[in-house]
Amino acid sequence: MSIEKPLPVIDHDSAPYWEAAREGRLDIPLCGDCGKHHFYPRAICPHCHSDNLKFDTVSGRGEVHTFTIARRPAGPAFADDVPYVVALIELEEGPRMMSRVQTDDPEAVKIGAKVEVTFVKATDEVTFPYFKMI
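Under this note's numbering, the first residue of the sequence shown is numbered 14, with each subsequent residue one higher.
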């Protein structure tokens with residue numbers, strides 16, 4: 014029996030983000046009015062409420078703001094993944110994004126650890142930006 018993992022729904026606001034990930038880039042929205050990046054992709058800037066947004070390729074570097082080690086699977090589809098690290102990553106450009114930290118030693122992950130993005134292809138349409146410690 015094959016169990017498939019749930020995948021994100023790609024909508025109008027997030028399509029450029031997912032397209033960039035497929036191409037090995039981390040692109041997040043940048044506001045043309047206030048000049049701030051934000052994450053997650055949405056129709057208006059959460060800082061100034063402008064709709065003058067474009068996607069900007071960012072460094073992909075950041076640090077672990079907080080994290081947890083998942084030792085029990087979040088459903089049958091994730092049984093082979095445990096233990097794994099789910100982290101809130103603070104990007105160098107400012108926004109924070111939830112992702113996974115890929116590591117052979119989940120206990121080695123610490124708050125403040127420096128990380129960089131890596132891309133994991135799930136399907137032809139979805140590639141996930143995960144992070145690894147540097």
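C-beta atoms are modelled at their ideal positions from N, C-alpha and C, and glycine is treated no differently.
- Rounded to whole angstroms, Ala90 and Glu17 show a C-alpha spacing of 6 Å.
- Residue pairing by DSSP leaves Phe91 without any beta bridge partner.
- Nearest to Asp46 by alpha-carbon distance, out of Arg55, Ser63, Tyr30, Arg38, is Ser63.
- Ranked by Cα distance from Val98, the first of Asp117, Ala83, Val77 is Ala83.
- Boundaries of the alpha helix (DSSP H) harbouring Pro29: 28–35, taken from the DSSP string.
- Leaving aside the five residues that flank Val133 on each side, the residues in its chain whose CB is nearer than 6 Å to its CB run, in chain order, Phe141, Tyr143.
- Here Ala121 carries a helix assignment [DSSP, helix/strand/coil].
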